[in-house]
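Counting in full-length UniProt numbering, the sequence shown tops out at residue 510, every number present. Where a beta carbon is used, it is the ideal one built from N, C-alpha and C, also for glycine. So the structure is just underneath, and the comments pick up after that.
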Amino acid sequence: MTSLFDTASGRVRGRAPDRGVIAVLGIPYAEPPFGTGRFRQPRPRRAWTGVRDCVEYGAVSPQSAELPGAPRWSPGDEDILSLNVWTPERGSGAETRPLPVLVWIHGGAYTFGSSAQPDFDGAALARAGLVVVTFNYRVGFEGYGHVPADGEDGCPPNRGLLDQIAALEWVRDNIASFGGAPDDVTVAGQSAGATSVACLMTMDGARGLFRRAIAHSAVGPVFAPELAEHLARKVAAEAGVPATRAGLAAASPHALVRASDAVADGYRQDPHSGHISWDPVIFGPVADGRILRADPLGPLAAGEASDVDLLVCHTTQEYWLFDAVGSSAEVTTAAELSRFAKDFGIPDAVLEGYHRIMPEASVYEIYLAVCGDMMYGEYSNRLAVAHARGGGRTFLSRFARQRGGSQPGVYAWHCADVPFAFGNIADESAHFLIGGPPTQEDHLLSARMVAAWAGFAATGEPGWQPLGDASRDAIRIWGATDAAAGPGFWRDGEALRELWGTFTYRPAQA
């Protein structure tokens, strides 16, 4: 099989085959979103002549994060809307039938991240029989900051989501050249990428672009328009420009990244700034009533995506990662824990229940458990339940693998499941997340998770029963299920779910 492929914009050449897989990296799927196109909808990529070498990842979206093993954004990088394809090397005959396609949306608090992170290398999944696509999209202010409209086409909100739709349209129009089936696409993501998946399931602009969806550790809820406008004014003020399109366009991407970081840090230092002070993510999808009508929970429960199969996963100790990297608030007293709960509208009964279920836990451990479950675990569970209630086939799983016994050095924390599902646990970049080089048991777990993703993308069957079935195996637990697995473990998962019954997710307000 050649490494040359045709796209609507021109021919591309990928890397030489590696163990049966061809990687084609950094293919542009839209025009650079700067100049006259800044803060606008993505525009189709113009054609090029000759063959474009696509053997390196494309530039990443403006951000200050420097992620191990991934490219860094440099001021002046503008050609940021690119994607990557991994496709199995195949011969003739029956092997040439189109393969299922998995399209991955990276996370990163809608503020950082890229498709070039080593965790997201698609080769192992391609060897499992998929064509794998990952892509970059606008994050931070460029992707989600509120920009006042200045004309008929305006500056739409949710530009990051619109970029994601443009990437899926590229897949529809071009993936057949890479051996993929354009009518058999699964869109998948983790964290901000998972909530992006949930949003896409309810968006008119994404209708018909995929038939299955995977959401790992979805985070919610989405923003109310008033919050997005309030945060944009603060960023503009920090950047020293008017909060108008002209004023914001006059600020360089670097200036808006720097101003956004300063605003987030200001919230982090101000304990009186309400819910946003605890984990100051200042960008995200906005329920604007038009592009994204509402937080996904409501539309999914109403059956708006009942024709899309959904696979949901969350980790059992999500927020322990943020403790490990030093970005968690230090909550050590009952008064601080109570203030946290009040700022998020968490009923007292929830805290009381966690104390009962985790009687040996410190105040800080209770905080980590409650915060992680509120942000990721319970929101992910509700996505699954809402979709099932709306008539969609829904599969639910929890990742519980940790390393180190009852006092683990590595918990089943946020992001730890991703290298297992991609089959990339042997890469050194994954060692922090999984606690060092993988064991034989880790390799077996990863093989099972890769097979579940591949099976779901190919047939809609990950290997266990959907929600609503009477089977006791309706929720798959990945890894150890020992009840003595440490604080925060979902050993009493259904009891914890009952505690959250009186908590309501509403679009985040100013």
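Per DSSP, His-216 is one residue of the beta strand (DSSP E) stretching across 212-216.
Linking Asn-158 to Ser-64 through their CA atoms gives a straight-line distance of about 20 Å. Counting the other CB atoms within 10 Å of its CB gives Val-410 a total of 16 or more, which places it among the buried residues.
Close CB contacts of Ser-273 within its chain, under the 6 Å cut and outside five residues either way in sequence, are with Tyr-267 (chain order). Rounded to the nearest whole angstrom, the C-alpha separation of Gly-58 and Arg-52 is 13 Å.
Collapsing the DSSP output to three states places Asp-442 in a helix. With contacts defined as CB atoms closer than 7 Å, Thr-315 and Ala-416 qualify as a contacting pair. Beyond the five residues adjoining it in sequence on each side, Pro-462 comes within less than 6 Å, by CB distance, of Leu-311, Phe-395, Ala-452, Gly-455 and Phe-456 in the same chain, given in chain order.
In its chain, beyond the 5 residues on either side, Asp-119 and Gln-190 have a beta carbon closer than 6 Å to the beta carbon of Val-418. Within the region 12-74, the beta strand (DSSP E) runs of at least 3 residues that lie entirely inside it are, in chain order, 21-28 and 51-53. Among the bridge pairs identified by DSSP, Trp-104 is matched with Thr-134 and Ala-188.
With a cut-off of 8 Å on Cβ pairs, the region 433-446 is in contact with the region 385-405, counting three or more such pairs. Rounded to whole angstroms, Ala-430 and Val-185 show a C-alpha spacing of 27 Å. For Asp-309, there is no enclosing alpha helix (DSSP H); the residue is part of the beta strand (DSSP E) that begins and ends at 309-315. Separation of the CB atoms of Ala-400 and Gly-479 is rounded to 5 Å, and the pair is thereby assigned contact status at 8 Å. At the C-beta level, Pro-148 and Thr-244 come within 7 Å of one another.
Inclusion of Gly-107 and Gly-37 in the CB contact set at 7 Å is not warranted, their separation being larger than that value. By the neighbour-count criterion, in which a residue is buried when 16 or more other Cβ atoms sit within 10 angstroms of its Cβ, Lys-234 is buried.
DSSP places Asp-6 inside the beta strand (DSSP E), whose first and last residues are 4-7. Residue range 82-88 is occupied by the beta strand (DSSP E) that includes Asn-84.
Scanning its chain for C-beta atoms nearer than 7 Å, with the 5 sequence neighbours on each side dropped, one finds around Asn-174 the residues Thr-7 and Ala-8, in chain order. Under DSSP, Val-286 takes part in a beta bridge, and its partners are Phe-223.
Bridge partners of Ile-475 according to DSSP: Leu-396. Going by DSSP, Gln-164 is part of the alpha helix (DSSP H) stretching over 159-174.
Contact check for Leu-256 against Phe-112 fails: the beta carbons are separated by 7 Å or more. When secondary structure is reduced to three states using DSSP, Ala-421 falls in the helix class.
Relative to the Cα of Gly-35, the nearest Cα in the group Gly-501, Glu-441, Pro-253 and Ser-338 belongs to Pro-253. Separation of Leu-200 and Ala-206 (C-alpha to C-alpha, rounded to the nearest whole angstrom) is 6 Å. Scanning Asp-183, Ala-176, Pro-347 and Asp-288 for the CA closest to the CA of Arg-212 turns up Asp-183.
At the C-beta level, Val-219 and Thr-202 stay beyond 7 Å of one another.
Around the Cβ of Gly-289, a 10 Å sphere holds fewer than 16 other Cβ atoms; the residue is exposed. Of the candidates Leu-209, Val-139, Phe-178 and Pro-408, Leu-209 places its Cα closest to the Cα of Ala-166.
With contacts defined as CB atoms closer than 7 Å, His-414 and Leu-321 qualify as a contacting pair.
Ranked by how close their Cα comes to the Cα of Cys-313, the residues Ala-188, Thr-87 and Pro-32 have Ala-188 in first place. Per DSSP, the continuous alpha helix (DSSP H) segment holding Pro-253 begins and ends at 253-269. Annotation: Ala-149 is outside any alpha helix (DSSP H) and is labelled neither H nor E by DSSP.
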